[in-house]
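Down below is the structure, laid out as structure tokens.
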Amino acid sequence: MPTKSLAGSPRGDLELEVWGARGSRNLTPPTSKIANYTSCYSLKAGDDLFVFDGGRGLGLLSHAVSSKQRFRSVKRIHLFLSHAHMDHWEGLKDAAWFWQAQNGLKLTIHGSKETIETVQRGYGHPAYVPLEILASSTLRDFTFTTWKAGESRVVRGFRFRTFALNHYSGMGNDKNHLSTLGYRLRSREGFSFAYLCDHEPTAETESIEASMLKDANVAIVDAHFPDRSQHAFGHGSQEHAAALARRFPKTFVLAGHHGPTASDAAIRRAHRQHGKSVRNFAIAAEGMRLRWNVRRGLSVSRRQIERP
Ligand SMILES: [Zn+2]
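Numbering of the sequence shown is given in this note's numbering, commencing with residue 1215 and proceeding in unit increments.
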């Protein structure tokens, strides 16, 4: 039986899907069996679609929304951006939602003030066409919403909390810290999801990671590098992601944001090395789909885990 959300709309299974799990750049042509497109993950809940980051994977997701039966119910899209780096919002201009006339969808883009202002500048004249103009003849409604770290709000029946992640680019005098938000959502029925991307774990960030992963059913974690000793430029590793999976055995940890030059063999090697016998740890691979409902809990196809 479908359950009722806080907003009162009927909800059955929640579906989490991976659309873009490559960090920093897209692989062109798409040669990887794991990840070719920059960050994008979706969680479908009835007629609401929550999206985490708008990299090039967003183009694939938006195409699926307009063409696949399983997305037919979607009316509202809530896109949560982690930070201002272009590889997390470059997919917006490819999204079918901005090109299909009067498509009836409502889109809200969430992010920190720095992120939203960067997206608006990035698509503003003369770099491109402001998204509001693209939206005017396509979407039913289009808005931006800003968040600070440490906020808590209900969005369509889901309790969202934001966390300050540790992300930067450059080094020395060129080091630029980004206002980066980690998101955690919880449904009234008890499903909880954490998104920690992009993020470089340190001793100081341990408590944030614990707050986000504790009791989460699924977490997507920055695993840009294979090893902890390589942590740099605001990114984490498969080794650290595997350690989180050991520490939080009830949380299914997906290692995402695979490094821009990492081969499939290298990604799998790191996973085997660090994730040996950790059953709740997997590589985030594009096309992967996880389901949750209140009766059965989380279901993941083993085939997708073993052969991403
Ligand atoms: Zn970044």
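We put the beta carbon where it would ideally sit given N, CA and C, even for glycine.
Bear in mind that the values here come from a model prediction, so they are computed numbers and not experimental data.
Where the beta strand (DSSP E) containing residue i begins and where it ends
i: L1263; result: 1262-1266
i: H1454; result: No beta strand (DSSP E) holds H1454; the alpha helix (DSSP H) holding it covers 1452-1461.
i: A1424; result: Here A1424 belongs to no beta strand (DSSP E); instead the alpha helix (DSSP H) covers 1420-1427.
i: K1258; result: 1254-1259
i: F1377; result: 1372-1378
i: F1294; result: 1290-1294
i: N1507; result: 1503-1507
i: G1511; result: 1511-1514
i: R1367; result: 1366-1369
i: A1363; result: Here A1363 belongs to no beta strand (DSSP E), and DSSP marks it neither H nor E.
i: I1248; result: From DSSP, I1248 is part of no beta strand (DSSP E); its letter is neither H nor E.
i: G1404; result: Counting along the chain, G1404 falls outside any beta strand (DSSP E), and DSSP gives it neither H nor E.
Residue i to residue j span [Cα, whole Å]
i: T1332; j: S1393; result: 11 Å
i: H1299; j: Q1487; result: 30 Å
i: K1258; j: N1387; result: 42 Å
i: L1410; j: F1264; result: 15 Å
i: G1234; j: A1378; result: 22 Å
i: P1440; j: A1459; result: 15 Å
i: H1324; j: L1295; result: 6 Å
i: V1369; j: Y1397; result: 12 Å
i: E1304; j: R1270; result: 6 Å
i: T1475; j: R1236; result: 10 Å
i: G1470; j: C1254; result: 10 Å
i: A1363; j: A1437; result: 22 Å
i: V1232; j: S1451; result: 19 Å
i: N1507; j: R1375; result: 21 Å
i: G1371; j: Y1251; result: 30 Å
i: D1308; j: L1272; result: 7 Å
i: Q1314; j: K1282; result: 15 Å
i: D1267; j: N1317; result: 22 Å
i: E1229; j: R1503; result: 7 Å
i: P1216; j: H1454; result: Interpretation of P1216 is limited by its pLDDT of 39, a score under 50 that renders its predicted location unreliable; the figure taken from the coordinates is listed afterwards. Going from the Cα of P1216 to the Cα of H1454 covers about 37 Å.
i: P1244; j: G1511; result: 33 Å
i: R1442; j: E1423; result: 15 Å
Coarse secondary structure for residue i, derived from DSSP in three states
i: F1358; result: strand
i: I1434; result: strand
i: F1439; result: strand
i: I1330; result: helix
i: A1310; result: helix
i: G1271; result: helix
i: Y1397; result: strand
i: Y1409; result: strand
i: M1215; result: In this prediction, M1215 scores a pLDDT of 38, lower than 50, which makes its location untrustworthy; no coordinate-derived value is stated.
i: A1446; result: strand
i: Y1337; result: helix
i: N1317; result: coil
i: R1284; result: helix
i: V1279; result: helix
i: A1417; result: helix
i: G1305; result: helix
i: G1386; result: helix
Neighbourhood of residue i by C-beta, 6 Å cutoff - its chain only, sequence neighbours within 5 removed
i: Y1342; result: none
i: F1312; result: L1348, T1352
i: L1345; result: Y1337
i: S1513; result: R1505
i: T1185; result: Outside the shown range of the chain (1215 to 1522) lies residue 1185, about which nothing can therefore be said.
i: L1468; result: I1434, A1496, A1498
i: A1310; result: S1276, H1277, S1280
i: S1366; result: R1375
i: T1465; result: L1427, A1430, A1433
i: F1405; result: L1228, N1431, W1506
i: T1419; result: N1380
i: R1239; result: P1474
i: A1408; result: R1398, M1426, L1427, A1430, A1433
i: K1320; result: R1290, R1354, D1355
i: L1274; result: W1233
i: R1400; result: R1373, S1406
Boundaries of the alpha helix (DSSP H) in which residue i is found, first to last residue
i: A1480; result: 1478-1489
i: S1469; result: The sequence given here places Ala at residue 1469; Ser does not occur at that position. Element bounds for A1469: not the alpha helix (DSSP H) but the beta strand (DSSP E), 1466-1470.
i: L1345; result: 1345-1350
Close Cβ partners of residue i (< 7 Å) along its chain, the five nearest in sequence each way excluded
i: H1381; result: H1297, L1392, T1394, D1412, H1413, E1414, G1448
i: T1357; result: T1322
i: P1463; result: N1494
i: K1428; result: F1462
i: L1241; result: N1250
i: A1484; result: P1440, Q1452
i: K1490; result: none
i: I1481; result: I1248, H1472, I1497
i: S1421; result: none
Residue-chain proximity (residue i, chain D), Cβ-Cβ < 9 Å
i: K1362; result: Although the question refers to chain D, the structure presented lacks it and comprises just one protein chain.
Neighbourhood of residue i by C-beta, 8 Å cutoff - its chain only, sequence neighbours within 5 removed
i: D1261; result: S1223, S1287, V1288, K1289, R1290
i: K1389; result: Y1382, S1383
- List in chain order the residues whose CB is within less than 5 Å of at least one heavy atom of ligand 1. H1299, D1412
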